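Sequential numbering from 3 applies to the sequence shown in this note's numbering. C-beta atoms are modelled at their ideal positions from N, C-alpha and C, and glycine is treated no differently. As the structure is a prediction and not an experimental result, all values here were calculated from the model. Inspection log for the structure reproduced underneath, given as structure tokens.
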Amino acid sequence: MAKKILVIDDEEILTKTFARLLEKAGYEVLICKTGADAVEMAQEEAFDLIICDIRMPGMSGVDAIGKIAEAVEASGQARPPYIFITGYADKGAEEKARVLNPAAYIEKPFDNLLLLNKVKELIDT
Numbered sequence: 003m004a005k006k007i008l009v010i011d012d013e014e015i016l017t018k019t020f021a022r023l024l025e026k027a028g029y030e031v032l033i034c035k036t037g038a039d040a041v042e043m044a045q046e047e048a049f050d051l052i053i054c055d056i057r058m059p060g061m062s063g064v065d066a067i068g069k070i071a072e073a074v075e076a077s078g079q080a081r082p083p084y085i086f087i088t089g090y091a092d093k094g095a096e097e098k099a100r101v102l103n104p105a106a107y108i109e110k111p112f113d114n115l116l117l118l119n120k121v122k123e124l125i126d127t
């Protein structure tokens, strides 16, 4: 059974690129364009990994991951690892994100191979 990855990002071109890359590598990919949608989806399904943009309209990625972590832990499941991605060098957001102990923090633009290798490292062990 394929490992399941949730991608949370409001940039449609990026999410399609991530989906193609990860599906080609054999992963099942689900996409949410908002933090609120991601929180709802994570309450309904279990994921092996979450990739989340930090800056999104409405609920930020940091807030979404915080709510997802609370919901997953309340249900008794193990919290999946997550990767924060961002296109903005915002030290305040980065510090807030790091408090949530992400498995990785990647700044855009980045090489797709970097992301794929990090995904494999985190969930193919």
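Contact check, residue i vs residue j under 8 Å by CB: the rounded distance?
i           : j           : result
residue 67  : residue 95  : About 12 Å separates the two Cβ atoms, so there is no contact after all.
residue 7   : residue 24  : 6 Å
residue 87  : residue 105 : Not a contact, Cβ separation roughly 12 Å.
residue 102 : residue 64  : 7 Å
residue 99  : residue 74  : Rounded, the Cβ-Cβ distance is 17 Å, inconsistent with contact.
Could you tell me if residue i is buried or exposed, where buried requires 16 or more neighbouring beta carbons within 10 angstroms of its beta carbon?
i           : result
residue 15  : exposed
residue 82  : buried
residue 80  : exposed
residue 20  : buried
residue 90  : exposed
residue 126 : exposed
residue 93  : exposed
residue 48  : exposed
residue 40  : buried
Would you mind stating whether residue i and residue j have Cβ atoms separated by less than 9 Å?
i           : j           : result
residue 121 : residue 54  : no
residue 37  : residue 3   : no
residue 115 : residue 108 : no
residue 52  : residue 70  : yes
residue 17  : residue 35  : yes
residue 12  : residue 58  : yes
Which residues share a DSSP beta bridge with residue i?
i           : result
residue 125 : DSSP, once it has assigned bridges, lists no residue as partnering residue 125.
residue 17  : Looking at the DSSP assignment, residue 17 forms no beta bridge with any residue, so it has no partner.
Next on the checklist: Going residue by residue through the stretch 90 to 117, where are the continuous alpha helix (DSSP H) segments of at least 4 residues, counting only ones entirely within it?
Outcome noted: 93 to 101
Checklist entry - For the stretch 37 to 85, which segments carrying the beta strand (DSSP E) assignment without a break, of at least 3 residues, lie completely within its bounds, in sequence order? => result 51 to 55
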